[in-house]
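S.K.:
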Amino acid sequence: MTITTLLAGRAVHGGVRKKIVYPYSGSSSRFLQYARDLSINPYERINDLSEFRSKLLAAASAFRTRFSAEQNGILDTVAQETGSPIHYHIEDLRTSQNFLDKLSYLEKLLPKKYISDPKGNVLLILSANEPVIVTTILVFSSLFAGNTVFIKPSAKTPTYGYFFVKELVKFPFLKQRIHYLLTDKKEIGRLIKTKSFDFVLSFGSRTTSKKLAILCAQSEVEFLQESEGNDWVYIDKTCESLGEMSKIIVESFTRHNGQMCNSVRGVMVHSSLYDELVERLKNRISDLSMASPQLLDSRVGALILGTPARAKALTEDAAQRAENVWNFSRNENVITPTLILNPDDDALIISESVFAPILWVKKVKNHFEALSFYHKRNKHGLGFSIFSGDKNVSTYLANRIQAGRININKYPLRNGLWDPLGGVRLSGYGGPGYWVEKLSNRKYIKR
């Protein structure tokens, strides 16, 4: 199958062909065709948004049926393209289906004090990981707000977005409202400069988002980034169950091979619990199944192409600055779940966002030291988790940690379907909010 750009349901063939190579097997069965010199129509406002939303709810229900019928093929493909075990994509698919079933709830999330206007032509630049859940929720939220949506997928994981758009443009009222842009960076830059879009939302790396932010500012196009995370955990001496903690932490830093923005990257643990926690983490990791991402019992697969070298470099730096690096090995794009034990304050991996199943664990004297270390070494602000039986400790930290989400004695990655998302500082702009709200403009009318 050749994947091409789709504008208003029509294929726009490009001249540059590129293979998709799967990270686990190294095999390839698909081609991309990049489009150039695209013509994007100006945004056309929806006359009756209520009627449009009613049709969208019906389309969501029909798409869900089609989604379910094709789920085996979808799951198989996204597991190949990402290298992440199919087990996690099954969970993402179920969450996406639940979202489609309850799409009308988006109406309740829009602020009542204001009128919510569409942004207009919205460009969604998507990351390579978690293509099913991110594409489904973002696009339907954007359409619900009344926007015209342009999906720019990662060239490494393009297939779900292509299937998604091909299905939705079968509905006549959506044919001019959703498009699939398989283009290169140069073409995206040209489209931004020519003001083809009214709003750009990027889920790329911090480096990519920085370049886009500058380009959008120069072109006077609104821009929002949600890029990377460096989420930490603090475990207080009053934490009651280290067995449960070890399970939660291992699941949190290995899910999707650690290639999630809100994966746990580091643990600060009270020194009295350090040795026991490390031993329990090792035992949990030893029980993990590492195998082909297409096997149901696999829990660790391969990293997305282009990411293992950086993870290896950060680990090698940490090896010079830690008491021990446990269980690290790399075979092409597969990196084993790794513990970096008690790294010193200058280890690069502490302040950087590494998208791999690698976790550092550091002993601290108390929550005051944990807070001080966080402020010195963490420039991101997506999430932070506190596990403590002392309400004073959790309240003290929650009030002072600069992050978009604080989890208190909660599983870091088990976010509610309607929980607000988003980060601050290097992780993003604006902090937590609902996607339908972020993809709308507020209008205040005073009579």
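The number in my numbering is simply the position in the sequence shown, starting from 1, with 1470 added. For glycine and all other residues, C-beta sits at the position ideal for the given N, C-alpha and C.
For TYR1630, which of helix, strand or coil comes out of DSSP?
M.R.: Translated into the one-based positions of the sequence shown, residue 1630 becomes position 160. Note: TYR1630 maps to helix in three-state DSSP.
S.K.: According to DSSP, PHE1723 sits in a beta bridge with which residue or residues?
M.R.: Taking the sequence shown and counting its residues from 1, one reaches residue 1723 at position 253. None, per the DSSP bridge assignment.
S.K.: With respect to the beta strand (DSSP E) encompassing VAL1548, which residues constitute its N-terminal and C-terminal limits?
M.R.: Residue mapping note: residue 1548 aligns to position 78 of the sequence shown, counting from 1. First-last for VAL1548: 1541 to 1552, but that is the alpha helix (DSSP H), not the beta strand (DSSP E).
S.K.: Classify HIS1845: buried if its beta carbon has 16 or more other beta carbons within 10 angstroms, exposed otherwise.
M.R.: Here residue 1845 refers to the residue found at position 375 when the sequence shown is read from its first residue. That one is exposed.
S.K.: Distance check for GLU1746 and LEU1712, CA to CA, integer angstroms please.
M.R.: Sequence index remark: in the sequence shown, residue 1712 carries index 242 (1-based). Sequence index remark: in the sequence shown, residue 1746 carries index 276 (1-based). Cα to Cα, the separation comes out at about 8 Å.
S.K.: State buried or exposed for GLY1496, treating a residue as buried only when at least 16 other CB atoms are found within 10 Å of its CB.
M.R.: Residue 1496 sits at position 26 when you count from the first residue of the sequence shown. GLY1496 is exposed by the Cβ-count criterion.
S.K.: Taking DSSP as the reference, what is the three-state secondary structure of ILE1560?
M.R.: Position 90 of the sequence shown, counting from 1, holds the residue named residue 1560. If DSSP states are grouped into helix, strand and coil, ILE1560 belongs with the helices.
S.K.: Would you tell me roughly how many angstroms separate the C-alpha atoms of LEU1887 and MET1730, rounded to the nearest one?
M.R.: Along the sequence shown, read from residue 1 onward, the residue named residue 1887 stands at position 417. Along the sequence shown, read from residue 1 onward, the residue named residue 1730 stands at position 260. Going by the C-alpha atoms only, they are around 16 Å apart.
S.K.: Have a look at the DSSP bridge pairing and note the partners of PRO1588.
M.R.: Your numbering for residue 1588 matches position 118 in the sequence shown. In DSSP, PRO1588 forms a bridge with SER1910.
S.K.: Among LYS1589, LYS1622 and LEU1593, which one has its Cα closest to the Cα of PRO1601?
M.R.: In the sequence shown, residue 1601 corresponds to position 131, counting from 1. It is LYS1622 whose Cα lies nearest to the Cα of PRO1601.
S.K.: My output table needs one value for LEU1671: the three-state DSSP class, helix, strand or coil.
M.R.: Here residue 1671 refers to the residue found at position 201 when the sequence shown is read from its first residue. Strand, per DSSP.
S.K.: Check whether the Cβ atoms of PHE1857 and ILE1705 lie closer than 7 Å to each other.
M.R.: Position 387 of the sequence shown holds residue 1857. Position 235 of the sequence shown holds residue 1705. Yes, these two residues count as a Cβ contact at 7 Å.
S.K.: Could you name the residues of the same chain whose beta carbon sits closer than 6 Å to that of LYS1488, not counting the 5 residues immediately before and after it, in chain order?
M.R.: Within the sequence shown, numbered from 1, the residue matching residue 1488 stands at position 18. LEU1502.
S.K.: I need the DSSP call for SER1855, collapsed to helix, strand or coil.
M.R.: Here residue 1855 refers to the residue found at position 385 of the sequence shown. The answer is strand: DSSP assigns SER1855 an E or B state.
S.K.: Quick one: residues in its chain with C-beta nearer than 6 Å to the C-beta of LYS1525, no 5 flanking neighbours on either side, listed in chain order?
M.R.: Position 55 of the sequence shown holds residue 1525. Excluding sequence neighbours, LYS1525 sits near PHE1643.
S.K.: With distances taken from CA atoms, which of GLY1631, LEU1651, VAL1604 and TYR1630 is nearest PHE1620?
M.R.: Here residue 1620 corresponds to residue number 150 of the sequence shown, with the count starting at 1. Nearest of GLY1631, LEU1651, VAL1604 and TYR1630 to PHE1620, Cα basis: LEU1651.
S.K.: At which residues does the alpha helix (DSSP H) containing ILE1658 begin and terminate?
M.R.: Along the sequence shown, one-based indexing puts residue 1658 at 188. It spans 1655 to 1663 - the alpha helix (DSSP H) in which ILE1658 sits, taken as one unbroken run.
S.K.: Go through its chain and collect everything with a Cβ distance to PHE1633's Cβ below 8 Å, but skip five positions before and after it.
M.R.: For the purposes of this step, residue 1633 is identified with residue 163 of the sequence shown, where counting begins at 1. Closer than 8 Å at the Cβ level, and outside the excluded window around PHE1633, lie GLU1540 and ILE1544.
S.K.: Report the rounded CA-to-CA distance for LEU1573 versus ARG1875, giving the unit in angstroms.
M.R.: On the sequence shown, residue 1573 is found 103 positions in, with the first residue counted as 1. On the sequence shown, residue 1875 is found 405 positions in, with the first residue counted as 1. When rounded, the distance between both Cα atoms is 24 Å.
S.K.: Report all residues from its chain with a CB closer than 8 Å to the CB of GLY1659; omit the five preceding and five following residues, and keep chain order.
M.R.: On the sequence shown, position 189 is the one that residue 1659 refers to. So the qualifying residues of the chain are LEU1685.
S.K.: List the whole-angstrom C-beta distance separating PRO1918 from SER1855, where the pair is believed to meet the contact cut-off of C-beta under 8 Å.
M.R.: Given a span of 1471 to 1917 for the chain in the structure shown, any question on residue 1918 remains unanswerable.
S.K.: Hey, out of ILE1819, LYS1861 and ALA1868, whose CA is closest to ASN1848's CA?
M.R.: The residue you call residue 1848 lines up with position 378 of the sequence shown. It is ILE1819.
S.K.: How would you call ALA1779, buried or exposed, if buried means at least 16 neighbouring beta carbons within 10 angstroms?
M.R.: To locate residue 1779, count along the sequence shown from 1; it is residue 309. Label assigned to ALA1779: exposed.
S.K.: Between which two residues does the beta strand (DSSP E) harbouring GLU1692 extend?
M.R.: Position 222 of the sequence shown, counting from 1, holds the residue named residue 1692. Where GLU1692 is concerned, the enclosing beta strand (DSSP E) stretches over 1692 to 1695.
S.K.: Who are the Cβ neighbours of SER1716 in its own chain at under 7 Å, not counting the five residues just before and after it?
M.R.: The count along the sequence shown starts at 1 and reaches residue 1716 at position 246. Once the five neighbours on either side are set aside, the close Cβ partners of SER1716 are LEU1747, ARG1750, LEU1751 and ARG1754.
S.K.: On the criterion of 16 or more Cβ atoms from any shown chain inside 10 Å, does ASN1568 qualify as buried, or is it exposed?
M.R.: For the purposes of this step, residue 1568 is taken as residue 98 along the sequence shown, with counting starting at 1. Classification of ASN1568: exposed, given that the 10 Å Cβ count is below 16.
S.K.: Please return the same chain residues whose Cβ sits closer than 7 Å to the Cβ of ALA1530, not counting the five positions on each side in sequence.
M.R.: On the sequence shown, residue 1530 is found 60 positions in, with the first residue counted as 1. Only LEU1570, LEU1573 and PHE1610 meet the Cβ criterion.
S.K.: Drop a sphere of 10 angstroms on the beta-carbon of ILE1879, count the other beta-carbons inside from all chains shown, and report buried for 16 or more, exposed for fewer.
M.R.: On the sequence shown, residue 1879 is found 409 positions in, with the first residue counted as 1. For clarity, residue 1879 is Asn in the given sequence; the question names Ile instead. Exposed.
S.K.: Touching or not, the region 1796 to 1803 and the region 1679 to 1694, by the rule of three or more beta carbon pairs under 8 Å?
M.R.: Too few Cβ pairs lie closer than 8 Å, so no.
S.K.: From SER1842 to ALA1598, what distance separates their C-alpha atoms?
M.R.: Indexing the sequence shown from 1 puts residue 1842 at position 372. Indexing the sequence shown from 1 puts residue 1598 at position 128. Distance between the alpha carbons of SER1842 and ALA1598 is about 34 Å.
S.K.: Identify every residue that forms a DSSP beta bridge with PHE1928.
M.R.: A question about residue 1928 goes unanswered here, because the residues of the chain that appear run from 1471 up to 1917.
S.K.: Where DSSP assigns a beta bridge to HIS1740, which residues make up the other side?
M.R.: Within the sequence shown, numbered from 1, the residue matching residue 1740 stands at position 270. According to DSSP, which records beta bridges pairwise, HIS1740 is partnered with VAL1834.
S.K.: Name the DSSP beta bridge partners of MET1760, please?
M.R.: Within the sequence shown, residue 1760 is the residue found at index 290, counting from 1. DSSP output for MET1760 lists VAL1770 as bridge partner(s).
S.K.: In this structure, how does DSSP classify TRP1888 when only helix, strand and coil are distinguished?
M.R.: Working through the sequence shown from its first residue, we reach residue 1888 at position 418. Correct three-state label for TRP1888: coil.
S.K.: Would you kindly report the start and end of the unbroken alpha helix (DSSP H) that includes ALA1615?
M.R.: Translated into positions along the sequence shown, residue 1615 becomes position 145. From DSSP, ALA1615 is part of no alpha helix (DSSP H); its letter is neither H nor E.
S.K.: Assign GLY1699 to one of two classes, buried (16 or more other C-beta atoms within 10 Å of its C-beta) or exposed (fewer than that).
M.R.: Taking the first residue of the sequence shown as 1, we reach residue 1699 at position 229. Buried, by the Cβ-count rule.
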